[in-house]
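So the structure is just underneath, and the comments pick up after that.
Chains as they are written, first to last, in UniProt numbering: chain A, 1 to 581; chain B, 1 to 581.
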């Protein structure tokens, strides 16, 4: 980071964008900006440290040992995600998490008195935190140092240090007002502030004294690093297995042949819900990938996300890998983002019902934006969940997430596709994946393949020749079975029909034109899509002459089969639609 | 509600769906299911009561006077939205809000001890609530009655009554386990439970004693209603103006000619940001619609949402109409849903940056599902916000919300369209509207119209004849200006070019085929869309031969003009694209 970088603040292509971005600027650990996220990320970072320390430290060699510091403001404190994350941090006893709450009484709309009058410290105490109040945060450096020391001594609880400050401290006319929140002071007030603070230097000038002070940190850092390297060399000798695991976690290099562990399925494998097949994959991966860990927002037994060979990550068992997030989807996502950026080889997954991605869209987006590679395991992915009704039945979520840049939205149809989807998810370490999985049983299909899923879309059955079928049926997930059955009947009636699984639109779009044309030849305009979700967006693949069968309304509470029938997601309707083209 | 309705529990078309739905079942006030929402809705209901009571009660006649009761469980307590809402309720001193917290120690994954060990009552006290603990919630009816009495006596704070209960109380083998959370007991355990509770009646039999008890409530209700009607008749005589306003709020009948109050703009009106024009509309509507109220999540001065003739709704000034939500987008949405369902004539609006719809998707969806008609005023609707960078720049939000059933997603281009969008939003009382508004200045366009906006899509300029332009440019909001300018240049070069404003896709889709064909004639396949968002979905209107100019990536931190240029949202690029077709 050079002085010129600072001068390019908020300019195109600079390393100093308006909000710090981990992918733009070295040393920025998480992308922040949306309030409350950074705090919840810090809980994830502290969780990662506690977990790794418990797994890898030995009585004679401590190789994982750091604090996690986070600064948050009044706005962060108001956000629900921060309370969720704080509740988890207290429950987990993250003693090495130290949060500074910048209590400056001002948010964008003015005094916090207009909307925020709770007793923050009392709330954190209720959440199991140790709290400290530094009353003079502007100049009380010794008080801040003493608070940090005290925080470090409390080992079984995270600490919130409320630091009362003056926003715009030093500005004679704008301090303590909201006009310094997001706007520049203006040259006149800058001048007055410089005078007030006795700061005689030119803009962007760093005095030698300051340079000297920081230079000393460079040396210190280098010597700490050398010390750690020596220690780790010893560790590698004494604890080969652990060192190999920790090296994989630190470097992000996956163990050779890890993907051989993924389960394989054949058309003869029993019909099953993809959420159950997903659990087989999760368990297979956790056996071979040292940094694989995660959990659910109080739906582990519905999402099928428990790792059977591990216990729960808890305050006193932090070496375990099943994380119990409680009903806190938003914090779950943000905590996983924190875990993911802690070490490239930590691969966190998290889970809830697909519809509740709505509770955690902000962290999903930040996972994509900050290249965090979290795996979002989303079950109960359609009206196929049945009786819980429209509040629980996703219809627009597939499309709304396909619209989000930087993620892979995968909706596998059977065991082979589920296993293949996990392979993609693990490989894509800088791109989060969302897996939409069924609650209901699905058959193992004949034509699904691992290679096909890697291309995002592929032909799973076809009785045409010369790349010219009469009709193309395109589907994903649980409706692929319907497409296959309808194709079978239409073929009996003499039609040439191709069935395409479009399991991941983003991957399909990345294929060469030639491949895409081989799957969806442009001269074949008789196309029908069938998917248990909104039809908007399907025009991309069915064209203007095609038809989309889907659900352009909210769902309903009833047994799944009945809803499918009432809403026309049936073999009969698909055949009738084909004949109407 | 009849016995047969109960027997149809969770069946297609029944009035007893898996989760209670206000639009299915009389007497269900809000649609619940997604955890924490109902509690936040209750805060909105209590806010509405406090507001209306302050405005309409007179020393001699109390016409608004009710408590709001809500029951919430451990799952609700874990959700961040509940903490946000509780913090607001405490801040506002909603003394007539009484919440029962069903403390049964069990959530879906088992004991709450695995994820939820905070001190809930202490947290609520920190949030400014009065708290009471009923230790025997299974049979301690007198304690519950006493708690309600105590809660009513505390007039300046909401009350949380923690009621410790046994989940599945009475079931000899399944009580206190998570297996009674979402599954039926099974016939054997039902039998054992009946025996245990000495319940000898047949299934679905309501004993006469119970019927008699409830019948008495019918009479009581009728007499309370008659009493109120008589009181209100007196009120109507004494306080004509207030009675007219309250009648409008209770009935939902808008005052005659309300929409004449909406501002009118001409091409000569000064260029302005649609967020500023929006503020003119909000202020105009609040003047003529008695139940119009709302606010922002700490961005009132950026969202431009303050009602200038009113003060802040606060604990001691509840008659005012500017609501200060703090940085609590999620609760803001859910509170507004509660306000909207309180009375059909209450029209709440709420506001934040468009990208932060991600924080409040759950209440937006519930607003649509429960037909609540909230107006979501979302400013800073694109990369046009500039320096704040990608975390603040929506790119996928337009589509992700167009995909949601039951809402109107409007993106007006200038004053006329903004005013028209508000007209649509107010008229649609059962369908929430989202207005996406610009931070940056936009010119007033020549061809925009109120009638056009009402149809969702319309021609704003055209130099073709016979409904056969060479080219159609389709756009929305801030990019409509670019389309107009490009069209002007192309026309100079001899092309016949039509420009279409597709301000609201949902309304356009509802138009007769004939109208749609008149705007977008199917034989014209040279079409280009330009919109500062993802292109996925535009295939619907541009077809497979058309081209979409948009942003299929995250934004960037830089001055707005620079980002538009770098990402190709320019007149030049649009013209070049037109020539490449």
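Just so you know, even glycine gets a beta-carbon here, dropped at the ideal spot from N, CA and C.
Owing to the predicted nature of the structure, the values given are computational and were not obtained by experimental measurement.
| said: Does residue 435 of chain A pass the burial test, meaning 16 or more other C-beta atoms within 10 Å, or should it be called exposed? | reply: Buried, because 16 or more other Cβ atoms sit within 10 Å of the Cβ of residue 435 of chain A.
| request: May I ask you to list the residues that DSSP assigns as paired with residue 353 of chain B? | output: BP columns for residue 353 of chain B point to B/379.
Mind checking whether residue 98 of chain B and residue 32 of chain B have CB atoms under 8 angstroms apart?
It is not a contact, given that the beta carbons lie outside the stated cut-off.
* **Cβ separation of residue 46 of chain B and residue 89 of chain B, assumed to be a contact under 8 angstroms, to the nearest whole Å** => Contact annotation, residue 46 of chain B with residue 89 of chain B: C-beta distance approximately 7 angstroms; criterion of less than 8 angstroms satisfied.
Residue 404 of chain B versus chain A: which residues are under 9 angstroms apart at the beta carbon? In chain order: 395, 396, 400, 534.
Find out if the Cβ-Cβ distance for the pair residue 473 of chain A, residue 497 of chain A is shorter than 8 angstroms. Yes, the Cβ-Cβ distance between residue 473 of chain A and residue 497 of chain A is below 8 angstroms.
Q.
Judging by CA-CA distance, which residue of B/241, B/485, B/292 is the nearest neighbour of residue 320 of chain B?
A. Here the closest residue by C-alpha is B/292.
Taking only beta-carbon atoms, is residue 388 of chain B less than 8 angstroms away from chain A?
Nearest CB-CB separation between residue 388 of chain B and chain A: below the 8 angstroms threshold.
Spell out whether any CB of chain A is found under 8 angstroms from the CB atom of residue 324 of chain B.
-> Among the CB atoms of chain A, one or more fall inside 8 angstroms of the CB of residue 324 of chain B.
(request) Round the Cβ separation of residue 115 of chain A and residue 326 of chain B to the nearest angstrom and send it over; I've been treating them as touching at under 8 angstroms. (result) Approximately 3 angstroms separates the beta-carbon atoms of residue 115 of chain A and residue 326 of chain B; this is inside 8 angstroms, confirming the contact.
With which residues is residue 339 of chain A paired in a DSSP beta bridge? Paired residue(s): none; residue 339 of chain A is not in a bridge.
TODO: Return no unless some Cβ of chain A is closer than 8 angstroms to the Cβ of residue 310 of chain B.
DONE: No, residue 310 of chain B lies away from the interface with chain A (no Cβ there is under 8 angstroms from its Cβ).
Measuring only the C-alpha atoms, how far is residue 221 of chain A from residue 300 of chain A? Straight-line spacing of the CA atoms in residue 221 of chain A and residue 300 of chain A works out to 42 angstroms.
TODO: Consider the Cβ of residue 572 of chain A: report whether some Cβ of chain B lies at a distance smaller than 8 angstroms.
DONE: Judged by the 8 angstroms Cβ criterion, residue 572 of chain A is not in contact with chain B.
| task | If I'm right that residue 101 of chain A touches residue 138 of chain A with Cβ under 8 angstroms, what's the distance once you round it to whole angstroms? | result | Not a contact, Cβ separation roughly 15 angstroms.
Is the separation between the beta-carbon of residue 303 of chain A and that of residue 275 of chain A shorter than 8 angstroms?
Cβ distance < 8 angstroms, so residue 303 of chain A and residue 275 of chain A count as in contact.
Just to confirm, are residue 554 of chain A and residue 374 of chain A a CB contact at a threshold of 8 angstroms?
Against a cut-off of 8 angstroms, the Cβ pair of residue 374 of chain A and residue 554 of chain A comes out as no contact.
Worksheet entry | the region 63-72 of chain A in contact with the region 340-349 of chain B per 3-pair CB rule at 8 angstroms | Result no; under three Cβ-Cβ pairs closer than 8 angstroms.
Straight-line gap, residue 225 of chain B to residue 219 of chain B (C-alpha atoms, nearest Å)
Those two C-alpha atoms are separated by around 10 angstroms.
Taking Cβ positions only, does residue 117 of chain B come closer than 8 angstroms to chain A? At least one chain A Cβ lies under 8 angstroms of residue 117 of chain B.
message: Can you confirm whether residue 588 of chain A, when its beta carbon is compared against all beta carbons of chain B, has any partner nearer than 8 angstroms?
response: As shown, chain A starts at 1 and ends at 581. That puts residue 588 of chain A outside it, with no answer to give.
### Query
With C-beta atoms as the reference, is residue 540 of chain A less than 8 angstroms away from residue 539 of chain B?
Yes.
Check: Under a three-way DSSP split, which group does residue 30 of chain A fall into?
Finding: Note: residue 30 of chain A maps to coil in three-state DSSP.
- When you compare each of B/566, B/200, B/216, B/545 to residue 471 of chain B by their alpha carbons, which one comes out closest? Check the Cα spacing between residue 471 of chain B and each of B/566, B/200, B/216, B/545: the tightest is with B/545.
Distance check for residue 104 of chain B and residue 176 of chain B, CA to CA, integer angstroms please. When rounded, the distance between both Cα atoms is 8 angstroms.
- Between the C-alpha atoms of residue 330 of chain B and residue 352 of chain A, what's the straight-line distance to the nearest angstrom? If you take the alpha carbons of residue 330 of chain B and residue 352 of chain A, they lie about 18 angstroms apart.
Can you grab the Cα-Cα spacing for the pair residue 398 of chain A / residue 377 of chain A, in whole Å?
The alpha-carbon of residue 398 of chain A is positioned some 13 angstroms away from that of residue 377 of chain A.
- Best match in B/463, B/265, B/446, B/166 for proximity to residue 277 of chain B [C-alpha to C-alpha]: Comparing Cα-Cα distances from residue 277 of chain B to each of B/463, B/265, B/446, B/166, the minimum goes to B/265.
Are the C-beta of residue 614 of chain A and some C-beta of chain B separated by less than 8 angstroms? A question about residue 614 of chain A goes unanswered here, because the residues of chain A that appear run from 1 up to 581.
(Q) DSSP three-state label for residue 133 of chain A, please. (A) Per DSSP, reduced to three states, the secondary structure at residue 133 of chain A is strand.
| Can you name the residues that DSSP bridges to residue 574 of chain B? | Partner residues in a beta bridge of residue 574 of chain B, as assigned by DSSP, do not exist.
Review point. So which of B/64, B/223, B/425 has the shortest CA-CA distance to residue 450 of chain B?
Key: Sorting B/64, B/223, B/425 by C-alpha distance to the C-alpha of residue 450 of chain B places B/425 at the top.
Can you look up residue 73 of chain A in the DSSP assignment and give me helix, strand or coil? Residue 73 of chain A carries a strand assignment under DSSP once its states are collapsed to helix, strand and coil.
Compute the beta-carbon to beta-carbon distance between residue 227 of chain B and residue 290 of chain B, rounded to the nearest angstrom, for a pair I have assumed lies under 8 angstroms. Not really, about 24 angstroms apart at Cβ, beyond 8 angstroms.
### Message
Against residue 298 of chain A, what residues of chain B qualify as contacts under a CB-to-CB distance less than 8 angstroms, listed in chain order?
### Response
Here the neighbours are 75, 78, 107, 108, 109, 115.
Where DSSP assigns a beta bridge to residue 462 of chain A, which residues make up the other side? Residue pairing for residue 462 of chain A: DSSP places it in a beta bridge opposite A/498.
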